[in-house]
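*Asks:* Residue numbers (our numbering): 59 to 608. To start, I am sharing the structure in question, which I have written as structure tokens.
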């Protein structure tokens with residue numbers, strides 16, 4: 059009885075600690091479910107559908123839970139990650155500045171991310187970290203003697219990413235001073251059933267928490283604002299407008315901050331594993347879409363020049379008439395606060411895998427992955443009041459925005475990509491692993507932005523597995539996601555640098571070329587063992603340090 063109590067308390071304690079630290083490792087996964095969730099999937103570069111990774115089969119292919127023998131097992135994963143995103147801007151070939159001959163002040167400037175950023179649910183706050191080192195997932199499983207059922211439970215983060223671009227001179231601030239996006243599975247019960255010696259099926263249910271936040275400075279380089287400020291300088295000669303009237307194309311207009319969350323976002327996974335022969339496995343997994351309804355708060359601070367320009371319209375009779383006809387704002391406060399909401403869908407996914415063993419010590423693996431990102435082609439953020447900036451933009455923007463709704467046509471598209479892996483068994487206890495995956499970005503080139511700054515990436519990985527006689531398995535993995543040069547020329551993206559007058563939301567780098575480099579480094583260590591080893595250790599500690607001994 060005492061051992062059962064210790065076992066229960068121990069599992070609850072470990073679960074609570076890992077759930078707390080899970081949110082501190084969200085950047086390792088990044089947007090688009092890039093990051094592997096344990097050491098084996100890291101070493102195999104996510105190529106694990108036909109050779110599922112231990113208890114993390116809960117996510118990758120629940121049918122893989124049937125690979126566990128009778129007994130109870132526990133697994134914990136640790137993660138370390140660091141990343142570098144650099145963005146450099148230069149004037150586009152043949153483009154004349156909107157204030158020619160005065161150049162865009164961002165011409166020739168370069169910005170780099172400063173910190174990782176994670177959102178802490180419950181505390182409703184964010185945490186900055188230069189790098190990430192923490193436990194990242196926890197699972198337990200049980201299979202009774204003679205049973206074809208295996209039951210498991212886990213907590214992990216399938217989607218997450220967050221970063222900051224700090225400093226008043228960082229050019230990236232016009233699309234991303236900071237950004238985070240998370241989907242945390244606080245509870246993921248799972249089960250698999252072994253139909254026969256070669257075929258297993260499985261399923262898992264995810265009870266999730268989702269969050270999203272961003273902050274940015276805003277400007278609107280365009281031909282229109284290229285005229286407004288010189289016009290203001292001219293009108294001031296006749297005292298027709300006040301000092302400070304007029305906004306230039308490279309002037310700051312506003313700063314916006316928002317944070318939203320949804321505390322209940324369910325999902326499910328299905329899996330099938332067929333061991334056709336001793337040397338050939340096939341796997342298939344389906345991960346459902348996760349529909350989120352995010353609600354939260356926002357704050358907008360307006361620049362002095364924007365306030366002066368718009369507020370003048372409320373004092374001039376002719377301007378007031380025009381504003382009434384066109385439904386334009388006539389007053390801008392220094393700050394607006396309120397509530398906002400949006401919906402976002404993390405996509406359904408399909409994974410197909412094959413494992414072939416041409417010789418006993420060698421495994422060759424290949425996976426094909428499909429993700430239905432086109433369901434998230436548009437982001438619509440609705441505010442609780444009219445926003446003066448949106449009241450102006452709706453006259454020129456063809457994207458569907460109105461006075462209290464900002465529409466960003468991010469244009470995410472479905473992706474297909476492949477992964478490849480190799481394992482060599484040096485002995486019954488030691489294996490070495492290699493993996494490669496060509497990650498296709500869901501963001502098309504003509505919609506690329508620094509809000510989601512992840513282009514196509516090459517993922518190179520390696521790792522090992524060490525099995526001890528007492529049933530303890532130690533897996534290690536390390537990898538790098540690399541894209542050393544991704545270039546978006548002027549006017550190639552309608553979410554970054556379009557000079558088209560109808561693309562007012564949102565092109566703060568109109569007239570500029572972007573060159574970006576992306577490097578993400580990650581390492582992972584997973585320890586899986588029979589639960590009895592943990593309880594024996596806890597019992598020995600209990601006997602040694604229990605303060606109320608007779």
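All C-beta atoms in this analysis are idealised placements derived from N, C-alpha and C, irrespective of residue type, glycine included. Being a predicted model, the structure only gives us computed values, none of them experimental.
Where does residue 150 sit, in a helix, a strand or coil, going by DSSP?
*Replies:* Along the chain shown, read from residue 1 onward, the residue named residue 150 stands at position 92. It is coil, neither helix nor strand.
*Asks:* Could you round the C-beta distance between residue 425 and residue 410 to whole angstroms and report it? I think they count as a contact, below 8 angstroms.
*Replies:* Position 367 of the chain shown, counted from the first residue, corresponds to residue 425. Position 352 of the chain shown, counted from the first residue, corresponds to residue 410. About 7 angstroms; that satisfies the 8 angstroms criterion.
*Asks:* Going by DSSP, name the residue or residues bridged to residue 315.
*Replies:* Working through the chain shown from its first residue, we reach residue 315 at position 257. Beta-bridge pairing links residue 315 to 273, 357.
*Asks:* Looking at C-beta atoms only, is the number of pairs between the stretch 134-142 and the stretch 264-282 that lie closer than 8 angstroms three or more?
*Replies:* Counting Cβ pairs under 8 angstroms, fewer than three are found: no touch.
*Asks:* Quick check on this structure: which residue in 343, 302, 447 has the alpha carbon closest to the alpha carbon of residue 313?
*Replies:* Along the chain shown, read from residue 1 onward, the residue named residue 313 stands at position 255. For residue 313, the nearest C-alpha among the options comes from 447.
*Asks:* Nearest-angstrom Cα distance between residue 256 and residue 473?
*Replies:* Within the chain shown, numbered from 1, the residue matching residue 256 stands at position 198. Within the chain shown, numbered from 1, the residue matching residue 473 stands at position 415. Cα to Cα, residue 256 sits roughly 31 angstroms from residue 473.
*Asks:* Can you give me the Cβ contacts of residue 412 inside the same chain, cut-off strictly under 6 angstroms, excluding the 5 residues immediately before and after it?
*Replies:* Position 354 of the chain shown, counted from the start, is the residue given in the question as residue 412. Only 108, 340, 424 meet the Cβ criterion.
*Asks:* Can you give, in chain order, each stretch of the beta strand (DSSP E) that sits fully within the stretch 371-437 and has at least 3 residues?
*Replies:* The stretch 371-437 contains these whole beta strand (DSSP E) runs: 393-404, 407-417, 420-429.
*Asks:* With respect to the alpha helix (DSSP H) encompassing residue 525, which residues constitute its N-terminal and C-terminal limits?
*Replies:* The residue labelled residue 525 in the question sits at position 467 within the chain shown. Per DSSP, residue 525 belongs to no alpha helix (DSSP H); it is in the beta strand (DSSP E), 515-525.
*Asks:* I'd like the span of the alpha helix (DSSP H) that includes residue 598, first residue to last.
*Replies:* Here residue 598 refers to the residue found at position 540 of the chain shown. It spans 589-603 - the alpha helix (DSSP H) in which residue 598 sits, taken as one unbroken run.
*Asks:* What is the C-beta distance between residue 589 and residue 233, in whole angstroms, given that I count them as a contact (C-beta under 8 angstroms)?
*Replies:* Position 531 of the chain shown holds residue 589. Position 175 of the chain shown holds residue 233. Wrong, their Cβ atoms sit about 48 angstroms apart, outside the cutoff.
*Asks:* Report the option in 229, 468, 125, 442 whose CA atom is closest to the CA atom of residue 461.
*Replies:* Numbered from its first residue, the chain shown carries residue 461 at position 403. If we check each option's Cα against that of residue 461, 442 comes out closest.
*Asks:* Sort out for me which residues DSSP pairs residue 186 with in a bridge.
*Replies:* Walking along the chain shown from the start, residue 186 turns up at place 128. 175, per the DSSP bridge assignment.
*Asks:* Going by DSSP, what residue range makes up the alpha helix (DSSP H) through residue 291?
*Replies:* For the purposes of this step, residue 291 is taken as residue 233 along the chain shown, with counting starting at 1. Its alpha helix (DSSP H) spans residues 281-294.
*Asks:* At the level of alpha carbons, what is the spacing between residue 438 and residue 466?
*Replies:* Indexing the chain shown from 1 puts residue 438 at position 380. Indexing the chain shown from 1 puts residue 466 at position 408. So the two alpha carbons sit approximately 6 angstroms from each other.
*Asks:* Starting from the C-beta of residue 156, find all residues in its chain whose C-beta is less than 6 angstroms away, skip the five residues before and the five after it, and write them out in chain order.
*Replies:* As a position in the chain shown, residue 156 is number 98, starting the count at 1. Contacts found: 279, 284, 307.
*Asks:* Could you give the first and the last residue of the continuous alpha helix (DSSP H) run that contains residue 116?
*Replies:* Within the chain shown, numbered from 1, the residue matching residue 116 stands at position 58. That run of the alpha helix (DSSP H) goes 115-118.
*Asks:* Using CA coordinates, which residue listed in 310, 484, 128 is at the minimum distance from residue 204?
*Replies:* Residue 204 sits at position 146 when you count from the first residue of the chain shown. Among 310, 484, 128, the Cα nearest to that of residue 204 belongs to 128.
*Asks:* Check whether the stretch 208-228 and the stretch 245-253 are in contact - that is, three or more C-beta pairs closer than 8 angstroms.
*Replies:* Flag = yes, the stretch 208-228 and the stretch 245-253 touch.
*Asks:* In terms of alpha-carbon separation, which member of 454, 591, 512, 542 lies closest to residue 526?
*Replies:* Taking the chain shown and counting its residues from 1, the one referred to as residue 526 is at position 468. Nearest of 454, 591, 512, 542 to residue 526, Cα basis: 591.
*Asks:* Just the C-alpha distance for residue 79 and residue 194, rounded to the nearest angstrom, thanks.
*Replies:* As a first step, residue 79 must be located in the chain shown, where it is residue number 21. As a first step, residue 194 must be located in the chain shown, where it is residue number 136. Any answer about residue 79 is weak, because its pLDDT of 40 lies below 50 and its placement is not dependable; what the coordinates show is given next. Approximately 7 angstroms between the Cα atoms of the pair.
*Asks:* Using a Cβ-Cβ cut-off of 8 angstroms, state whether residue 120 counts as contacting chain C.
*Replies:* Looking at the structure shown, chain C is missing, and only one protein chain is on hand.
*Asks:* Considering residue 243, what are the terminal residues of the beta strand (DSSP E) in which it resides?
*Replies:* On the chain shown, position 185 is the one that residue 243 refers to. Run containing residue 243: 236-252, per the beta strand (DSSP E) assignment.
*Asks:* Buried or exposed: residue 110, going by 16 or more other Cβ atoms within 10 Å of its Cβ?
*Replies:* Start at 1 with the first residue of the chain shown, and residue 110 comes out as number 52. Classification of residue 110: buried, given that the 10 Å Cβ count is 16 or more.
*Asks:* Count the other CB atoms, across all protein chains shown, that sit within 10 Å of the CB of residue 288; report buried if there are 16 or more and exposed otherwise.
*Replies:* The residue labelled residue 288 in the question sits at position 230 within the chain shown. So residue 288 ends up on the exposed side.
*Asks:* Rounded to whole angstroms, what's the CA-CA distance from residue 223 to residue 485? Just pull it up for me.
*Replies:* Numbered from its first residue, the chain shown carries residue 223 at position 165. Numbered from its first residue, the chain shown carries residue 485 at position 427. Approximately 47 angstroms between the Cα atoms of the pair.
*Asks:* Measure the alpha-carbon distance for residue 89 versus residue 333 and round it to whole angstroms.
*Replies:* Taking the first residue of the chain shown as 1, we reach residue 89 at position 31. Taking the first residue of the chain shown as 1, we reach residue 333 at position 275. With a pLDDT of 49 at residue 89, under the threshold of 50, the predicted position of this residue should be treated as unreliable, though the coordinate-derived value follows. The alpha-carbon atoms of residue 89 and residue 333 are separated by roughly 33 angstroms.
*Asks:* Starting from residue 475, follow its DSSP beta bridges and name the residues at the other end.
*Replies:* For this step, residue 475 is matched to residue 417 along the chain shown. Answer is 427.
*Asks:* Mapping the DSSP letters down to three states, classify residue 446 as helix, strand or coil.
*Replies:* Your numbering for residue 446 matches position 388 in the chain shown. Here residue 446 sits in helix by DSSP.
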